[in-house]
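For reference, the structure discussed in these notes is given below.
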Amino acid sequence: MTAPVLVLVDHTVDGAVRAPVRELLTLARELSGGAGVHAAWAVDGAEPSPEVVAELAALGATHVHRVVVDADPHLSAVLAEALASLLDATGAGLLLVVSSFENKEAAARLAISTGAGVVTDADGLALVDGRYVASKTVFAGTWNTTCAVTTPLAIVALKSNSVVPSTVEGAPAPQIGEHTVAVSERARRVTLVERVERPASGRPDLGSASIVVVGGRGTEGDFSVVEELADVVGGAVGATRVATDEGWIGHDAQIGQTGVTIAPRLYVGVGVSGAVHHRGGMQASGTIVAINSDPDAPIFEIADFGVVGDLFTVVPQAAAEIRRLKG
Amino acid sequence: MSPPLDRVLAESGSGGNVPRVRIVVCVKHVPDIQSERALGPDGRVVRDGGDGTLNELDENALEAALAIVEAGEGSVVALTVGPDDAVDAVRRGLQMGAEDAVHVVDDAVAGSDVVGTARVLAAAIRHLDAQEHVDLVVLGMAGLDGLTSLLPTALAELLDLPALPLAAELTVDGSTVRVRRNLDHASEVLEASLPALVSVTDQANEPRYPNFKGIMAARKKPVTTLTLADLEVDASHVGLLGARTQVLEAAARPPRDNRVLVQDTGDAGVRLAAYLVDNQLV
Ligand SMILES: Cc1cc2nc3c(=O)[nH]c(=O)nc-3n(C[C@H](O)[C@H](O)[C@H](O)COP(=O)(O)OP(=O)(O)OC[C@H]3O[C@@H](n4cnc5c(N)ncnc54)[C@H](O)[C@@H]3O)c2cc1C
Ligand SMILES: Nc1ncnc2c1ncn2[C@@H]1O[C@H](COP(=O)(O)O)[C@@H](O)[C@H]1O
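So the protein lines, in turn, are chains A and B. FYI, in my numbering the residues of the first sequence are 7 to 333. FYI, in my numbering the residues of the second sequence are 55 to 336.
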């Protein structure tokens with residue numbers, strides 16, 4: 007039993023596909039069993055360029071839908087109605103979205119309006135005996151679980167760095183269609199007074215980076231050591247809530263239960279104690295490295311490689327040595 | 055909850071017109087995140103360890119509601135759905151300053167997923183609204199147990215209310231509610247007319263600590279207990295019967311092996327670099 011899969015394509019204001027979408031499409035290709043992979047592009051000013059369409063096709067999209075809505079698709083009620091309409095039109099049995107707060111808001115609405123079962127923050131998904139079975143970690147990454155969706159329609163929000171993206175050679179050109187949606191009055195009751203996109207930092211995107219270097223209170227506000235290491239290894243820069251509350255870096259850099267959840271291949275904590283709220287957002291990382299002057303810091307309980315030492319000497323030394331080794 | 059607003063305008067201390075608002079705050083009793091949390095053989099969160107506490111983010115929700123009411127006039131109702139222990143969550147709400155507390159408890163609720171819980175909360179809020187108009191529903195941005203963040207918009211959908219989730223800043227001005235929120239790639243300002251639903255982040259405020267007076271006053275405040283029958287909720291739509299996902303396996307993650315802890319004696323940075331390069335991590 008296979009059904010078409012619908013994938014919501016998160017994209018930038020400039021019309022670039024966000025990295026985690028590559029994972030969704032790779033997974034959708036496997037799960038659709040040839041029944042079709044439908045990529046939904048909500049037109050919000052940015053259009054899918056021919057290059058983008060080719061990229062989506064190479065990742066497995068058989069259909070690309072330009073979803074044109076008569077309201078702002080950044081509003082979750084509007085996005086939910088647009089996706090509901092597209093689910094209907096495509097007959098999809100699965101909707102895959104990147105696990106972001108915005109997408110989860112729409113998913114919750116769709117659960118009510120379509121009767122779908124929803125799994126958020128999944129790190130894997132398989133079709134077992136005709137049911138979608140998702141895996142996810144819970145309790146700050148201390149438990150592994152699998153759960154099956156028991157309804158005909160499943161919505162799964164996938165965490166970044168869960169699937170290795172791959173492309174197919176010689177994929178046929180996808181069918182491109184326009185799907186227009188007139189949203190209800192009730193979806194218009196919230197006004198988006200302002201939406202300010204954050205400018206790109208020049209570093210990888212925090213949520214999907216494969217390496218993240220995180221600075222905590224131990225940096226005393228001097229993030230230059232954190233940034234230097236991040237740049238040497240091509241990583242993103244994150245922070246603890248203490249660091250963002252102090253204004254040392256923007257709130258969007260906060261890693262943790264109330265910030266961004268990450269599972270990079272490599273996490274490096276610099277002057278981070280490893281409080282449970284923070285761990286909730288990073289404990290599922292591949293390899294965890296920590297530099298902290300306190301041998302009793304809780305982060306060492308979960309670190310694969312821990313250094314008890316002063317970050318201001320250890321981190322620059324490590325950065326210089328990596329630079330030397332990598333020539 | 056969508057009837058036209060019929061709200062009493064009261065004179066505020068500063069002389070402006072400040073409406074009287076009735077706010078329902080949804081609060082959840084969760085296992086303390088500092089404790090050893092576990093899933094039982096049935097795949098459900100173990101909630102009887104005695105380590106339960108009010109979900110921290112719901113303290114932010116209570117604080118937000120109390121601040122709005124204190125800036126003008128009105129009242130706050132703390133509402134929870136959960137087993138017997140969950141009453142502690144609304145008690146804490148009373149201690150912080152809520153006027154009323156409602157606890158929905160029913161065996162049939164056990165095992166509810168987000169949609170089931172949302173259905174019960176929606177029915178309870180409608181019940182409260184029928185008694186006295188509810189202007190605003192406030193929730194935390196996430197339950198620190200399941201961390202799904204699905205409940206707020208699911209509830210808004212059921213109650214047919216405009217939703218303004220993830221408020222890092224929240225203001226109510228007359229009958230307009232305005233929220234500033236920070237997303238992964240953007241920050242937004244959302245606005246809607248009351249009645250509405252908001253969820254708040256830990257950035258929204260610094261929750262108060264109940265003082266002695268608050269704790270004493272809370273002892274005299276009653277907690278209303280309601281069952282599904284009181285709310286006319288069909289038991290087959292909630293609990294395990296209504297759940298749309300089924301936990302198949304749950305296991306504590308094994309501790310990481312091959313852990314290395316190095317005390318810096320001058321060359322730890324070099325050793326760290328070697329570890330990263332040798333293991334092809336960078
Ligand atoms: C509801 C709620 C939600 C929260 N959500 C989050 C969240 O999402 N993310 C988050 O991060 N936090 C969150 N917090 C806060 C969290 O509880 C911790 O307070 C925070 O994570 C600690 O940040 P820190 O590690 O930078 O600071 P500290 O805990 O103060 O740790 C600093 C560490 O730096 C070390 N250090 C100091 N100087 C040096 C040096 N020269 N060299 C090496 N090491 C040094 C110290 O030994 C210490 O271990 C939340 C809290 C609450 C109540
Ligand atoms: N059983 C419950 N009773 C009352 N409120 C709840 C319950 N479950 C969730 N909530 C509310 O919904 C918010 C988000 O929870 P969740 O979507 O489960 O992460 C919480 O912060 C609470 O405000």
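Where a beta carbon is used, it is the ideal one built from N, C-alpha and C, also for glycine.
In terms of Cβ geometry, V238(A) and A325(A) form a close pair [threshold 8 Å]. The segment 52-69 of chain A and the segment 195-202 of chain A do not touch, with fewer than three beta-carbon pairs separated by less than 8 Å. Ranked by Cα distance from E233(A), the first of A259(A), V104(A), R247(A) and G213(A) is A259(A). Against chain B, the CB of L33(A) has no partner CB under 8 Å away; the residue lies outside that interface. A distance below 6 Å between beta-carbons, with the five flanking residues on each side excluded, links L317(A) to the following residues of its chain, in chain order: G224, V276, G277 and I297. For K267(B), the enclosing alpha helix (DSSP H) covers residues F266 to K274.
Put simply, the CB of E186(B) is far from chain A, with every gap to its CB atoms at 8 Å or more. Straight-line spacing of the CA atoms in R195(A) and P216(B) works out to 6 Å. For V314(B), the chain A residues whose Cβ falls inside 8 Å of its Cβ are D310, F311 and G312, in order along the chain. Among the residues facing chain B, S82(A) is included, as its CB has a counterpart in that chain under 8 Å away. Set against 7 Å, the gap from the CB of F318(A) to the closest heavy atom of ligand 1 is smaller. When the beta-carbon positions are compared, R24(A) and T18(A) come within less than 8 Å of each other. The beta carbon of V84(B) does not come within 8 Å of any beta carbon belonging to chain A, so the residue lies off that interface. The Cβ of H239(B) sits closer than 8 Å to at least one Cβ of chain A. The DSSP-derived three-state label of N312(B) is coil.
By the Cβ criterion, the segment 308-315 of chain A is in contact with the segment 313-329 of chain B, since at least three pairs of Cβ atoms, one from each stretch, lie closer than 8 Å. For S253(B), the enclosing beta strand (DSSP E) covers residues A250 to V254.
Within its own chain, the residues whose Cβ lies closer than 6 Å to the Cβ of H181(B), once the five positions on either side in sequence are excluded, are L285, listed in chain order. Against chain A, the CB of R273(B) has no partner CB under 8 Å away; the residue lies outside that interface.
Beyond the five residues adjoining it in sequence on each side, V282(A) comes within less than 7 Å, by CB distance, of A146 in the same chain, given in chain order. Taking C-beta atoms as the reference points, S166(A) and P26(A) count as a pair closer than 8 Å. Using beta-carbon distances, N298(A) does not count as an interface residue toward chain B, since no partner is under 8 Å. Listed in chain order, the beta strand (DSSP E) runs fully inside the segment 222-264 of chain A are 242-245, counting runs of at least 3 residues. When the Cα atoms are used, V252(B) and P264(B) turn out to be separated by approximately 23 Å.
For S106(A), no alpha helix (DSSP H) encloses it, and the DSSP letter there is neither H nor E.
At the C-beta level, R247(A) and G262(A) come within 8 Å of one another.
Minimum Cα-Cα distance from T143(A) among the listed residues V314(B), A306(B), G151(B) and A178(B) corresponds to A306(B). Residues of chain A with a Cβ closer than 7 Å to the Cβ of D256(B) are, in chain order, T264.
Excluding five sequence positions before and after L212(B), the CB atoms of its chain that fall closer than 6 Å to its own CB belong to A172 and A176, given in chain order. Taking one beta carbon from each stretch, the segment 298-310 of chain A and the segment 309-324 of chain B have 3 or more pairs nearer than 8 Å; the two touch. Residue selection by CB proximity (closer than 5 Å to any heavy atom of ligand 1) returns G222(A), R223(A), G224(A), T246(A), R247(A), V248(A), G262(A), Q263(A), T264(A), G265(A), G277(A), V278(A), S279(A), A281(A), H283(A), H284(A), N298(A), S299(A), D300(A), A303(A), D316(A), L317(A), E110(B) and D256(B) in chain order. In the displayed model, V218(A) falls within a strand according to three-state DSSP. Membership of A163(A) in the beta strand (DSSP E) is indicated by the continuous run A160 to L164. Taking a C-beta cut-off of 9 Å against chain A, the contacting residues of the segment 190-211 of chain B are M195, A196, L198, D199, G200, L201, T202, S203, L204, L205, P206, T207, A208, L209, A210 and E211, listed in chain order. Taking 8 Å as the upper bound for CB-CB distance, A115(B) and V192(B) are in contact here, some 5 Å apart.
Scanning the segment 128-194 of chain B from its first residue to its last, the whole beta strand (DSSP E) runs of 3-plus residues come out as 154-158 and 190-194.
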